[in-house]
Amino acid sequence: MKRQTLIAAAIATLVTGCASWFEGSSANQPTPLERVDARRALNVRWQQGVESAGQGLFRPAFLDGKLAVAGNGDTIEVYDAASGKRLESIRLKGESLVAGVGADARGYYAGNAAGEVLAVDAAGKVRWRQRLTSLMAEPPLTGGGMVVVRSSDGRITAYAAEDGRSLWTQWQAPPSLMVQPTTPVMLAVGDDVLISGEAGGKLAVYNLKSGVPLWQATVATPRGASELERVTDVVSQPQFDGRRVCAVAYQGRVACFDARGGNLIWAREVGSSRGLALDGNKVFVTADDGAVWAFDAETGRNLWKNDALKYRGVTGPVRLGKDILVLDAEGYAHLLAPEDGRIVGRARTGAEGTLSQPLVLGDAAFVQGRNGKLSALN
């Protein structure tokens, strides 16, 4: 079993000036899977082979019943979300993609190895391209006539979807060491607000149309004797439920804030780079070691902890139907009961090396593995 390990900036190969994640040997052996008394049916509805993700951050984009998917190659493929039938194969000759995909009525958006954001139409014609300050770090967000891109140096830039005009940018000088995210860290709330995890344990909320900061809060404070121990970045997607914004920091803690002013409501000492889910009256978190926790969303009281998946490269949790869904790096999907954390369903998806949280649409979840497998679960 392999896991991703933080290394120093001096030996990072993908992004100059910050640390990266790479596959390496783990000192902790993955917890063996125990037999599950399946109380829920979890099925693989369909599966397709796509380009492998390599070290890029790729996640399917949904638009009008279709899924757009890319990998570490030169092709964006479009599938019918219900049946898995391939509808289009868009070849971008001469391009090597490193992150994506975003989609809107105009077409598709992705980042290439030259450090550019590309806007392409359904025929594969590049409508516009813009040079970034570093490689694209995650799939771009689309909406409100804008494309919002986050670079691996932490810079956030908004472009006009029509012609690529730069609308605004936000950037703070990063620390010497950073965690390279393996899951998206930006969340758009309608066409008005952008919520983003930041280096140094920060959470930022921006006016999406203007880029003006609305508030910033501290999820976790760096601590420890060495520089590596002091790396505390918010490198997974914050969550919003209309009242609260919750986020979790690597080697840090999970915290919830008042959405209007950013005042801290509660915080608990659980660090994660994989992510969390905010659902009703509970917050679910996959910790750095793969344990899954549940907290009361109002008070932060710990409700349960499941250690059955420790050291298995577990994704951040998402809600699927009545249950909580996570996947491990071997491609197993696990359903957890939200009331007590018991595993109540399991299926093997074939999407191995999965790190990003699944994309959930209604009763279906779509999972893209680093190995080039795209699976639909229900």
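Numbering (mature numbering (1 follows the signal peptide of the UniProt record, and there is no 0)), first residue to last: -21 to -1, 1 to 357.
Built from N, CA and C at the ideal position, the CB exists for glycine as well.
Asked: Contiguous beta strand (DSSP E) assignments of at least 3 residues, all confined to the region 243 to 315; Found: 243 to 247, 255 to 258, 261 to 265, 271 to 275, 281 to 285, 297 to 299, 302 to 306, 311 to 315
Asked: Contact check, L353 vs V48, beta carbons under 8 Å; Found: yes
Asked: Sheet register partners of K104 (DSSP bridge); Found: None; K104 has no bridge partner.
Asked: Meets three-Cβ-pair contact criterion under 8 Å: the region 67 to 82 and the region 102 to 117; Found: yes
Asked: DSSP bridge partner residues for W25 (one or two, in chain order); Found: A355
Asked: From I174, H313, Q216, T200, residue whose alpha carbon lies closest to that of Q239; Found: The amino acid occupying residue 239 in the given sequence is Arg; Gln does not appear at that position. Comparing Cα positions, the closest option is I174.
Asked: Neighbourhood of L306 by C-beta distance below 8 Å, restricted to the same chain and skipping five residues each side; Found: V293, T294, A312, H313, T328, A330, T333, P337, V346
Asked: Cβ-based neighbour list, V227, same chain, cut-off 8 Å, excluding 5 preceding and 5 following; Found: V198, V213, S215, V233, A234, V249, G250, S251, G254, L255, V264
Asked: Supposed contact pair L21 and L356 - C-beta distance, whole angstroms, cut 8 Å; Found: 6 Å
Asked: Selected residue, minimal CA-CA separation from G73, among A82, L97, L36, D275; Found: L97
Asked: When R209, I244, R321 are compared against G231, the one with the closest alpha-carbon; Found: R209
Asked: Straight-line gap, L146 to R18 (C-alpha atoms, nearest Å); Found: 50 Å
Asked: Cα-Cα separation, G(-5) to S205; Found: Residue placement at G(-5) is flagged as unreliable, the pLDDT there being 32, under the threshold of 50; the coordinate-derived value follows with that caveat. Near 18 Å, if we compare the C-alpha coordinates of S205 and G(-5).
Asked: Chain-order list of residues whose beta-carbon lies under 6 Å from that of F1 (same chain, five-residue window excluded); Found: Only weak support is given to the placement of F1: the predicted model assigns it a pLDDT of 26, under 50, and the value that follows is read from those uncertain coordinates. Correct list: empty, nothing qualifies.
Asked: Where G81 falls: helix, strand or coil (DSSP); Found: strand
Asked: Rounded Cβ spacing between A178 and P154 (contact assumed at less than 8 Å); Found: 6 Å
Asked: Buried/exposed call for N242, threshold 16 Cβ in 10 Å; Found: exposed
Asked: Residue from R280, S130, L12 whose Cα sits closest to the Cα of A287; Found: L12
Asked: Short Cβ contact (8 Å threshold) for W283 with G320; Found: yes
Asked: Cα-Cα separation between A102 and I69, rounded to whole angstroms; Found: 6 Å
Asked: Member of N7, V339, R298 whose CA lies at the smallest distance from the CA of A40; Found: V339
Asked: Check whether K261 and A246 have beta carbons under 8 Å apart; Found: no
Asked: With 16 other Cβ atoms within 10 Å as the buried cut-off, status of K181; Found: buried
Asked: Nearest-angstrom Cβ-Cβ length linking residue 363 and P217, presumed shorter than 8 Å; Found: Examination of residue 363 is not possible in this model, given that the chain is present from -21 through 357 alone.
Asked: Among A308, D302, D237, A316, nearest to L277 - alpha-carbon criterion; Found: Correcting the residue type first, residue 277 is Glu in the shown sequence and not Leu. Among A308, D302, D237, A316, the Cα nearest to that of E277 belongs to D237.
Asked: DSSP state of G86 mapped onto helix, strand, coil; Found: strand
Asked: Sequence-distant residues of its chain with Cβ nearer than 8 Å to R349 (five each side left out); Found: S31, A32, G33, E331, G332, T333, L334
Asked: W25, buried or exposed, once every other Cβ within 10 Å from all chains shown has been counted against 16; Found: buried
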